[in-house]
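Per our numbering: the sequence shown = residues 18 to 127.
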Amino acid sequence: MTENEAIERIKDHMKIHKLNEPRAIYITVALSMAITALKEIQQYREIGTVEECREGAEKQKPKKPEKVTNSSIRHTDDYICPNCGKHFTGTGIAEYCYHCGQAIQWNLEG
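Structure below.
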(Lines of atoms letter the chains of each structure in order from A and count residues from 1; the text may use other names and numbers.)
(Lines give C-alpha, C1' and ligand atoms only; values in the text may rest on other atoms or scores of the structure.)
Protein backbone atom coordinates (compact mmCIF):
# COMPACT_ATOMS: atom_id res chain seq x y z
CA MET A 1 0.00 0.00 0.00
CA THR A 2 1.29 3.46 -0.85
CA GLU A 3 1.11 6.51 1.40
CA ASN A 4 -1.62 7.96 -0.83
CA GLU A 5 -3.69 4.78 -0.57
CA ALA A 6 -3.25 4.78 3.21
CA ILE A 7 -4.34 8.41 3.40
CA GLU A 8 -7.49 7.66 1.38
CA ARG A 9 -8.37 4.66 3.56
CA ILE A 10 -7.84 6.70 6.72
CA LYS A 11 -10.09 9.46 5.34
CA ASP A 12 -12.79 6.90 4.51
CA HIS A 13 -12.50 5.45 8.01
CA MET A 14 -12.78 8.92 9.54
CA LYS A 15 -15.99 9.63 7.58
CA ILE A 16 -17.59 6.45 8.89
CA HIS A 17 -16.66 7.19 12.51
CA LYS A 18 -17.79 10.82 12.35
CA LEU A 19 -21.23 9.74 11.15
CA ASN A 20 -21.80 6.76 13.45
CA GLU A 21 -19.86 7.33 16.67
CA PRO A 22 -20.11 10.70 18.44
CA ARG A 23 -17.37 9.72 20.94
CA ALA A 24 -14.88 8.93 18.19
CA ILE A 25 -13.29 12.38 18.37
CA TYR A 26 -10.03 10.97 19.79
CA ILE A 27 -9.57 8.47 17.00
CA THR A 28 -10.47 11.17 14.48
CA VAL A 29 -7.75 13.45 15.88
CA ALA A 30 -5.24 10.58 15.87
CA LEU A 31 -6.10 9.69 12.29
CA SER A 32 -5.77 13.33 11.22
CA MET A 33 -2.29 13.36 12.76
CA ALA A 34 -1.45 10.16 10.86
CA ILE A 35 -2.50 11.77 7.57
CA THR A 36 -0.35 14.82 8.34
CA ALA A 37 2.63 12.59 9.17
CA LEU A 38 2.24 10.59 5.94
CA LYS A 39 2.12 13.78 3.89
CA GLU A 40 5.27 15.07 5.62
CA ILE A 41 7.05 11.80 4.86
CA GLN A 42 6.14 12.22 1.19
CA GLN A 43 7.60 15.75 1.20
CA TYR A 44 10.83 14.57 2.83
CA ARG A 45 11.20 11.78 0.28
CA GLU A 46 10.98 14.35 -2.52
CA ILE A 47 13.77 16.37 -0.90
CA GLY A 48 16.01 13.34 -0.30
CA THR A 49 17.38 11.49 2.67
CA VAL A 50 19.69 13.06 5.21
CA GLU A 51 22.52 10.97 3.77
CA GLU A 52 21.79 12.22 0.24
CA CYS A 53 21.78 15.83 1.46
CA ARG A 54 25.11 15.33 3.27
CA GLU A 55 26.57 13.66 0.20
CA GLY A 56 25.47 16.57 -1.98
CA ALA A 57 26.90 19.13 0.44
CA GLU A 58 30.20 17.22 0.56
CA LYS A 59 30.42 17.20 -3.25
CA GLN A 60 30.18 20.99 -3.27
CA LYS A 61 33.47 21.26 -1.35
CA PRO A 62 36.18 21.47 -4.05
CA LYS A 63 38.71 18.63 -4.01
CA LYS A 64 41.92 18.20 -5.95
CA PRO A 65 41.85 15.59 -8.72
CA GLU A 66 44.73 13.16 -9.12
CA LYS A 67 46.79 13.67 -12.25
CA VAL A 68 47.45 10.46 -14.18
CA THR A 69 51.13 10.30 -15.09
CA ASN A 70 50.97 7.42 -17.55
CA SER A 71 47.99 8.68 -19.53
CA SER A 72 47.36 7.20 -22.95
CA ILE A 73 45.55 10.38 -23.99
CA ARG A 74 47.78 12.70 -26.01
CA HIS A 75 47.82 16.50 -26.05
CA THR A 76 45.85 16.87 -22.84
CA ASP A 77 46.12 15.99 -19.18
CA ASP A 78 44.17 13.09 -17.69
CA TYR A 79 42.78 13.28 -14.14
CA ILE A 80 40.93 11.04 -11.71
CA CYS A 81 38.00 12.41 -9.72
CA PRO A 82 38.71 12.32 -5.96
CA ASN A 83 35.11 11.27 -5.30
CA CYS A 84 34.09 8.67 -7.89
CA GLY A 85 37.50 7.64 -9.25
CA LYS A 86 36.51 8.10 -12.90
CA HIS A 87 38.78 9.75 -15.46
CA PHE A 88 38.29 13.12 -17.10
CA THR A 89 40.59 15.31 -19.18
CA GLY A 90 41.81 18.89 -19.25
CA THR A 91 43.09 21.19 -16.50
CA GLY A 92 40.69 23.91 -15.41
CA ILE A 93 38.02 23.11 -17.97
CA ALA A 94 35.31 21.67 -15.74
CA GLU A 95 34.29 23.06 -12.38
CA TYR A 96 32.65 19.73 -11.52
CA CYS A 97 33.31 16.08 -12.32
CA TYR A 98 31.37 15.09 -15.43
CA HIS A 99 30.43 11.79 -13.84
CA CYS A 100 29.39 12.48 -10.22
CA GLY A 101 29.21 16.25 -9.79
CA GLN A 102 32.14 16.59 -7.36
CA ALA A 103 33.47 20.18 -7.28
CA ILE A 104 37.03 20.23 -8.61
CA GLN A 105 39.84 22.38 -7.19
CA TRP A 106 42.26 23.27 -9.97
CA ASN A 107 44.90 24.89 -7.77
CA LEU A 108 46.97 21.74 -8.01
CA GLU A 109 50.13 23.09 -6.38
CA GLY A 110 50.60 22.36 -2.69
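From the three backbone atoms N, C-alpha and C, an ideal C-beta is built for every residue, glycine too.
Distance between T19 and R26 (C-alpha atoms, nearest Å): 11 Å
Check this for me: beta carbons of T86 and T106, under 8 Å apart or not? no
By a C-beta neighbour count over all protein chains shown, 10 Å radius and 16 as the cutoff for buried, is I11 buried or exposed? There is simply no residue 11 to check, as the chain begins at 18 and stops at 127 in what is shown.
In terms of alpha-carbon separation, which member of K56, E112, V46 lies closest to E22? Nearest C-alpha to E22: K56.
Any chance the CB of K81 is under 7 Å from a heavy atom of the ligand FAD? For the ligand FAD, the structure offers nothing, since it holds no ligand at all.
Hey, I64 and P82: beta-carbon distance below 8 Å or not? no
Is the separation between the beta-carbon of P99 and that of Q77 shorter than 8 Å? no
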